[in-house]
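**Student:** Got a structure here, written out as structure tokens. Questions coming.
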Amino acid sequence: MGLLISIVSIVGCVPAEGEQGTSTIYMIVFLALLFALMYFLMIRPQRKRQKEHQQLIEELKKGDRVITAGGIYGVIESTSEDSLVIKVESGATMRVARNSVALKRE
1 MGLLISIVSI
11 VGCVPAEGEQ
21 GTSTIYMIVF
31 LALLFALMYF
41 LMIRPQRKRQ
51 KEHQQLIEEL
61 KKGDRVITAG
71 GIYGVIESTS
81 EDSLVIKVES
91 GATMRVARNS
101 VALKRE
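Residues 1 to 106 (the working numbering) are what the sequence shown spells out, left to right.
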């Protein structure tokens, strides 16, 4: 954050007389580049991960080995629209939300 403040203060230095318009243009270009950088480094990768997770959730079927977000390992016994019944190692079954599945094991 300190680096950002330093850069903005350097870019926003008081211009010489008659250069006010160009300083404003440089500031606008700088902010546009900053937002573009933020999009490509933060927002775009997050959307990609969300899309991959949604695809994983849609493709789950009976017999798949999964790990939930809570760390529970199990095998899918049955599926419904918004939940799954998984069988854990001890033989117990539990119903979990589809969105709680974090990984599909091979």
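We treat Cβ as the ideally placed atom computed from N, Cα and C, and that holds for glycine.
With DSSP as the reference, please indicate the residues paired to L103 in a beta bridge.
**Tutor:** I67.
**Student:** By Cβ distance below 8 Å, which residues in the same chain neighbour S78 in space, the five residues on each side in sequence not counted?
**Tutor:** Once the five neighbours on either side are set aside, the close Cβ partners of S78 are K62, L84, V85.
**Student:** Which two residues bound the contiguous beta strand (DSSP E) that contains Q58?
**Tutor:** Looking at the sequence shown, residue 58 is not Gln but Glu. Here E58 belongs to no beta strand (DSSP E); instead the alpha helix (DSSP H) covers 44-58.
**Student:** Beta carbon of I67, beta carbon of R105: below 8 Å?
**Tutor:** Contact flag set, yes.
**Student:** Is A92 helix, strand or coil by DSSP?
**Tutor:** A92 falls in the coil class under three-state DSSP.
**Student:** Based on the DSSP output, what are the partners of A97 in its beta bridges?
**Tutor:** Note: A97 sits in a beta bridge opposite S83.
**Student:** Count the other CB atoms, across all protein chains shown, that sit within 10 Å of the CB of G91; report buried if there are 16 or more and exposed otherwise.
**Tutor:** Answer is exposed; the Cβ neighbour count stays below 16.
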